[in-house]
Amino acid sequence: MIKVLFFAQVRELVGTDSLDLDNRYTTVDGLRKALISKGERWALALEDGKLLSAVNQSLVHGGHSLQDGDEVAFFPPVTGG
Numbered sequence: 471m472i473k474v475l476f477f478a479q480v481r482e483l484v485g486t487d488s489l490d491l492d493n494r495y496t497t498v499d500g501l502r503k504a505l506i507s508k509g510e511r512w513a514l515a516l517e518d519g520k521l522l523s524a525v526n527q528s529l530v531h532g533g534h535s536l537q538d539g540d541e542v543a544f545f546p547p548v549t550g551g
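Residue numbering for the sequence shown is 471 to 551, as defined by our numbering.
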């Protein structure tokens, strides 16, 4: 199993803050593409080219390999002011 977390606008668009999924995805991009296929709201939330992803609380790129027990988070870039 992998735990998928959604933050900020991503969470608002997909309508949930987390999912527990079977680990059948080899990379973060593979997971993201599978989630995008769930529908229009998912695509709107996850197709953003600026979207950041983290695995086990470390920022990663889309090609990062996933393993059973990983925690994957999707979130927009953080800005301050």
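Cβ coordinates follow ideal geometry from the N, Cα and C atoms, glycine included.
Since the model is a prediction, treat every value here as computed from it, not as a measurement.
Asked	Found
Among 539, 540, 521, nearest to residue 548 - alpha-carbon criterion	521
Status (buried if at least 16 other CB within 10 Å, exposed otherwise) for residue 502	buried
Reference residue 546; option with closest CA among 523, 474, 508, 536	523
Three-way DSSP call (helix, strand, coil) for residue 538 in this model	coil
Proximity to residue 510 [Cα-Cα], best of 499, 495, 474, 480	480
Sub-8 angstroms separation of residue 472 and residue 530 beta-carbons	no
6 angstroms Cβ shell around residue 475 - same chain, five flanking residues per side excluded	488, 543
Own chain partners of residue 504 with C-beta closer than 7 angstroms, once the 5 adjacent residues on each side are dropped	495
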